[in-house]
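Residue numbers (the working numbering), protein chains in the order written: chain A, 3 to 297; chain B, 3 to 297; chain C, 3 to 297; chain D, 3 to 297.
Worksheet: one structure, shown below.
4 protein chains.
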Amino acid sequence: MKLGYAGMGIMGRGMAANLVRAGHDVTVWNRTTSRTDPLAAAGAKVAASPAELAAGCDITMVCVSDTPDVEEVALGDNGLSTGLGPGKLVVDHSTISASATRRLAAAVQEVGADWIDAPVSGGSEGAERGTLSIMAGGEAASLERARPYLEAYGTSITHVGPTGAGQMVKLVNQVLVVVNALAVSEALLLAQAGGLDLNATIEAVKGGGAGSWMLANRGPQVVARDWRPGFTIDLQQKDLRLVLEAADELAVPLPGTSLVFQLYRALQRRGLGGDGNHALAKALEELAGLEIGGA
Amino acid sequence: MKLGYAGMGIMGRGMAANLVRAGHDVTVWNRTTSRTDPLAAAGAKVAASPAELAAGCDITMVCVSDTPDVEEVALGDNGLSTGLGPGKLVVDHSTISASATRRLAAAVQEVGADWIDAPVSGGSEGAERGTLSIMAGGEAASLERARPYLEAYGTSITHVGPTGAGQMVKLVNQVLVVVNALAVSEALLLAQAGGLDLNATIEAVKGGGAGSWMLANRGPQVVARDWRPGFTIDLQQKDLRLVLEAADELAVPLPGTSLVFQLYRALQRRGLGGDGNHALAKALEELAGLEIGGA
Amino acid sequence: MKLGYAGMGIMGRGMAANLVRAGHDVTVWNRTTSRTDPLAAAGAKVAASPAELAAGCDITMVCVSDTPDVEEVALGDNGLSTGLGPGKLVVDHSTISASATRRLAAAVQEVGADWIDAPVSGGSEGAERGTLSIMAGGEAASLERARPYLEAYGTSITHVGPTGAGQMVKLVNQVLVVVNALAVSEALLLAQAGGLDLNATIEAVKGGGAGSWMLANRGPQVVARDWRPGFTIDLQQKDLRLVLEAADELAVPLPGTSLVFQLYRALQRRGLGGDGNHALAKALEELAGLEIGGA
Amino acid sequence: MKLGYAGMGIMGRGMAANLVRAGHDVTVWNRTTSRTDPLAAAGAKVAASPAELAAGCDITMVCVSDTPDVEEVALGDNGLSTGLGPGKLVVDHSTISASATRRLAAAVQEVGADWIDAPVSGGSEGAERGTLSIMAGGEAASLERARPYLEAYGTSITHVGPTGAGQMVKLVNQVLVVVNALAVSEALLLAQAGGLDLNATIEAVKGGGAGSWMLANRGPQVVARDWRPGFTIDLQQKDLRLVLEAADELAVPLPGTSLVFQLYRALQRRGLGGDGNHALAKALEELAGLEIGGA
């Protein structure tokens with residue numbers, strides 16, 4: 003089975019490397035060509051365009067930034083669709099809108115191919131270590147066809163419903179991520195003001211009802227003031243825009259999520275968009291004039 | 003070693019039962035006497051007053067509702083302090099204010115006894131199953147003296163600092179609990195509006211960056227509209243009042259926590275204070291006119 | 003001077019009627035033709051298209067719903083631009099995005115005409131009574147040319163800056179309107195719960211530091227549960243989307259405005275989008291399970 | 003008619019000065035005696051204690067900081083109650099809790115005197131210029147007895163209900179004040195980011211549906227970065243604590259008010275508690291890293 007991967011960004015390159023490492027026949031493509039070099043060095047072939055990629059592969063994975071990027075890669079000049087045909091499959095790991103996803107799936111189905119929307123969570127560490135969670139929408143049979151290869155980088159691969167459901171689940175995932183990050187930020191700010199040993203505090207509570215991935219993994223980073231990203235504020239905001247657009251479309255109030263969006267936006271204005279999403283804590287620090295953790 | 007337990011409420015009776023089950027010599031007391039019957043049936047002795055309890059025991063545990071209740075049990079007529087003396091120890095599992103805790107500890111230290119503030123998390127299930135997290139403040143040596151007995155109901159027992167630190171860590175814990183509950187509520191509301199299979203959605207995301215105890219344990223309860231409490235909204239609000247008072251005292255902004263307090267308050271007005279804290283979701287449902295889950 | 007008016011909606015028809023009443027030579031146009039009947043009966047001429055309207059008039063006012071509507075009226079087939087030429091002026095009373103406004107102004111300036119963005123506030127009463135506030139962006143000289151006619155329906159006409167500034171001021175206006183509405187909602191909910199005479203309360207405070215147009219004009223309506231719109235929730239939300247997009251683009255946090263957007267969205271889901279913007283109070287009522295005012 | 007005034011703080015001294023200026027027979031008292039000097043210089047007598055003040059006067063006004071201060075002045079050693087008797091009247095201009103007010107009124111009624119709760123709004127300017135709004139609770143006949151004297155400093159004197167109603171109306175007033183201040187802060191932040199002329203913006207919108215006392219009076223101060231208080235953040239927070247306690251007691255959600263409380267608290271932590279309540283704008287500035295107005 004020949005596998006393609008389009009998009010060698012912070013997430014895509016880790017996933018593609020895991021495919022190579024697992025011994026699969028992998029071809030990669032990226033708009034900025036130099037980004038494919040590490041993969042080529044590891045044994046991947048390089049395609050000159052998405053069309054060439056799709057033409058030469060049975061299953062093509064995609065992970066690019068935003069809805070227009072996926073549309074360009076899939077349907078643009080020399081896009082995937084030019085190279086797709088009956089029996090071929092696209093697995094889109096990008097986080098984009100559910101409605102755009104339904105349009106893209108319909109377009110590739112016209113030429114007999116299929117489309118799985120399969121956004122991931124777990125950040126760049128997850129992509130590198132192969133421990134991503136993958137939430138997939140579309141035909142169950144198509145997902146099953148891809149599953150053996152997705153297992154190269156995903157430890158949890160769940161079929162969550164029809165086309166677009168993967169994207170919607172990802173938005174739900176992002177609501178949880180950022181509001182949990184708000185919880186961690188408020189908790190550590192209170193702990194700091196209350197004179198507690200912050201790491202001891204995290205240890206004491208993380209195993210109980212207060213526990214979360216965000217607390218266990220990002221809490222100690224906040225305490226160490228290590229703002230290196232698993233997932234950047236800029237990317238988080240891109241996803242939160244999709245969340246808030248979906249919430250507007252579906253008419254559901256998300257007051258906590260919406261508050262976090264405002265706080266991240268203020269951090270972006272300060273030039274902190276490249277920090278990890280746990281740097282949400284800095285927004286509360288700015289407000290309070292109080293620094294969490296440190297030496 | 004003779005152990006006492008004052009307070010046979012939803013939490014205390016589970017903890018005391020675990021002490022008995024572990025084979026310890028246990029005496030219990032409760033203001034409403036009938037509540038001690040199940041413990042007596044299980045083999046515990048019953049004291050007629052906190053004073054008698056403290057006089058007859060080496061270590062006395064306490065778990066009652068609020069600051070004034072602990073003050074009454076400890077320092078009131080026939081209170082623990084009357085029966086305390088050198089070498090005796092009080093371990094207070096109630097969640098009360100850190101400053102009141104410091105006053106109580108000072109009072110019992112005057113008669114040569116010691117005081118550990120040791121609030122817990124894990125809800126009534128945790129108390130019953132003996133899987134509580136215990137966050138303890140005070141002298142490390144006193145905690146070590148109590149630790150073998152606390153292990154009857156606590157799987158995580160952490161010394162977090164001097165007197166009052168246990169209470170402060172508990173407040174930090176509650177911030178995490180309720181803002182994580184907000185995350186779950188907003189996420190499931192969006193999932194419902196987006197037409198997703200809610201249990202599949204929880205399964206797909208709970209293992210990744212979106213994961214939390216609240217999502218894994220209370221998410222499915224919300225979907226099933228099972229509002230039985232691990233921890234009731236009424237008790238949660240009592241703790242949140244302590245959180246917000248501490249935040250006011252320490253001058254830190256907690257916008258998310260504060261929003262949740264408002265939402266729970268509205269639910270209490272509707273007579274839902276006896277529901278579990280995951281019923282926070284109902285506040286968003288009321289706003290949106292949309293019901294999560296169900297048959 | 004020949005005046006044109008495109009858009010006979012809830013706002014436009016009142017403004018156009020005031021132009022006729024003031025004795026001006028007025029021609030009107032509306033997509034749904036029947037809406038021009040009352041104006042024709044009052045003495046206005048009726049044009050068959052925006053192009054015909056612009057060709058026959060020196061100054062053409064526009065008031066339609068949203069950015070795409072203005073673009074269609076101005077630049078679509080048989081749009082205003084076809085009939086515009088040197089010396090002609092468009093005054094756009096619609097609330098639309100500032101950046102789209104700059105593109106529209108550039109387009110009409112290419113044919114020698116000019117464009118004033120002149121959104122209004124004051125609601126349908128203001129349009130009918132001729133007491134609108136008009137905030138205008140663009141060339142000061144062009145505004146002065148239009149001013150004598152704008153005075154037929156505007157009591158306050160302010161030049162606020164270059165092209166687009168009128169729209170931006172309108173967004174600022176909407177922030178004030180909706181957060182003031184939140185103030186009124188919370189205040190009356192507290193007053194109701196506190197057992198106060200609501201109208202006496204409004205009377206007691208409206209003349210001091212708590213005073214606002216919203217309190218004085220919509221407060222008594224809330225108390226009487228009269229939800230008839232000056233300005234509907236649906237229109238308010240359209241404007242708030244522009245506000246939140248601008249805030250996102252400019253990276254400023256608007257937590258209060260953003261909260262109100264969520265609350266209005268929930269009311270729209272309940273089918274209350276046609277109520278006046280003071281019905282924001284209902285969102286808090288839903289939460290609290292408490293009704294303000296009434297018999 | 004002999005008038006007494008207890009409390010020569012920022013509000014009380016202005017009110018008392020207006021009584022003297024109106025030609026009334028005025029005696030004053032203050033805990034820190036030197037504060038009575040300007041009033042003595044203006045012609046007022048000075049009492050040695052609240053008891054002496056009440057004994058020598060028919061009507062005694064009070065304006066001190068908080069509930070415990072009023073309780074001390076009224077019921078403490080040498081308090082007003084010692085000097086009160088049949089036919090005498092206390093008018094309390096302090097902002098304190100409604101329930102404490104009911105207890106105080108009952109206490110003075112036992113000796114045949116009466117109590118009017120009469121908190122004010124309008125700030126220190128209003129006290130100096132005699133343009134306060136007074137919201138009074140208690141017996142209408144008692145208020146009528148005091149009215150001719152209150153007119154020395156109040157332009158709006160409204161009987162709003164039984165004992166305690168004045169205090170409750172004042173809390174409602176404070177909700178309006180602070181949420182209107184949030185409106186002004188968000189509006190000016192957006193205006194600043196949008197490149198508008200801020201004073202022109204205020205002029206353009208203040209006469210319409212966006213208008214408020216806060217915008218007209220404090221908006222230009224924010225633009226000029228003039229943070230001198232009409233009413234300080236510290237005093238505002240004291241009142242907001244009463245508001246939030248009442249809201250908790252009455253179980254009504256006040257999300258906007260609660261957000262403002264958090265923002266003010268953060269400003270207090272930064273040492274800005276002496277700034278005027280319009281300095282709420284600084285909290286949003288801190289978040290956004292963007293300064294409103296200035297040279």
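Every residue, glycine too, gets a C-beta built ideally from N, C-alpha and C.
A straight line joining the alpha-carbon of A/A167 with that of C/A142 spans about 53 Å.
CA-CA distance, D/V186 to B/R271, rounds to 32 Å. Along the segment 142 to 162 of chain B, there is no position whose C-beta sits under 8 Å from a C-beta of chain C. Secondary structure note for B/A167: its alpha helix (DSSP H) is the uninterrupted segment A167 to A195.
At a C-beta separation below 9 Å, A/S67 has no neighbours in chain C, since its nearest C-beta there lies roughly 17 Å away.
Within chain A, the residues whose beta carbon sits less than 7 Å from that of C/D250 are R267, listed in sequence order. In this structure D/R230 is exposed. Its beta-carbon is surrounded by fewer than 16 other beta-carbon atoms within 10 angstroms. Counting only the Cα atoms, D/A206 lies some 31 Å from C/L191. Exclusion of the five residues before and after D/M216 leaves N182, A183 and V186 as the residues of its chain whose Cβ lies within less than 6 Å of its Cβ. Contact between B/G89 and B/D119 does not hold, since their C-beta atoms are separated by about 19 Å, which reaches or exceeds 8 Å. When C-beta atoms of the segment 238 to 251 of chain B are compared with those of the segment 223 to 237 of chain A, fewer than three pairs fall below 8 Å, so the two segments do not count as touching. Within the segment 168 to 180 of chain A, the residues whose Cβ lies closer than 7 Å to some Cβ of chain B are M170, V171, L173, V174, N175, V177, L178 and V179, listed in chain order. Residue state for B/Y151 is assigned as helix, using DSSP reduced to three classes. Against A/A290, the close residues of chain D are A268 and R271, in the order they occur along the chain (beta-carbon pairs closer than 7 Å).
Within the same chain, and ignoring the five residues on either side of D/Y155 in sequence, the residues whose Cβ sits closer than 6 Å to its Cβ are M17, N20, G132 and L134. Counting only Cβ-Cβ distances below 8 Å, B/A285 has contacts in chain C at L289, in chain order. Where A/M17 is concerned, the enclosing alpha helix (DSSP H) starts and stops at G14 to R23. In the DSSP assignment, D/A138 falls within the beta strand (DSSP E) that extends over L134 to G139.
Shown here, A/T34 sits in coil according to DSSP, grouped into three states, outside any helix or strand. Collapsing the DSSP output to three states places B/I204 in a helix. For A/A76, no chain B residue has a Cβ inside 9 Å of its Cβ, as the nearest lies near 23 Å away.
In terms of CA proximity to D/V113, D/S83 leads the group D/G124, D/S126, D/S83 and D/R105. A/N182 belongs to the set of residues whose beta carbon lies under 8 Å from a beta carbon in chain B. With a beta-carbon spacing of about 4 Å, A/T62 and A/G6 fall inside the 8 Å limit used to define contacts. Excluding five sequence positions before and after B/L292, the CB atoms of its chain that fall closer than 8 Å to its own CB belong to L191, Q194 and A195, given in chain order.
Secondary-structure assignment with DSSP links B/T97 through no beta bridge to anything.
If you check the CB distance, C/C59 and C/H95 do not come in under 8 Å. Under the three-state reduction of DSSP output, A/S214 falls in the strand class. Identification of residues in the segment 187 to 199 of chain B having a C-beta nearer than 7 Å to some C-beta of chain A yields E188, A189, L191, L192, A193, A195, G196, L198 and D199, given in sequence order. For C/V162, the enclosing beta strand (DSSP E) stretches over residues G156 to G163.
In chain order, Q264 make up the part of chain A whose C-beta sits under 8 Å from the C-beta of C/L256. Interface residue (Cβ-Cβ distance to chain A less than 8 Å): C/S260 is classified as such.
Residue range I61 to V64 is occupied by the beta strand (DSSP E) that includes A/V64.
Beyond the five residues adjoining it in sequence on each side, A/V48 comes within less than 8 Å, by CB distance, of T29, V30, W31, T35, T38, L41 and A42 in the same chain, given in chain order.
Contacts with chain C at 8 Å (Cβ-Cβ) include A/A253. Remark: C-beta atoms of A/V262 and A/V174 do not approach each other more closely than 8 Å.
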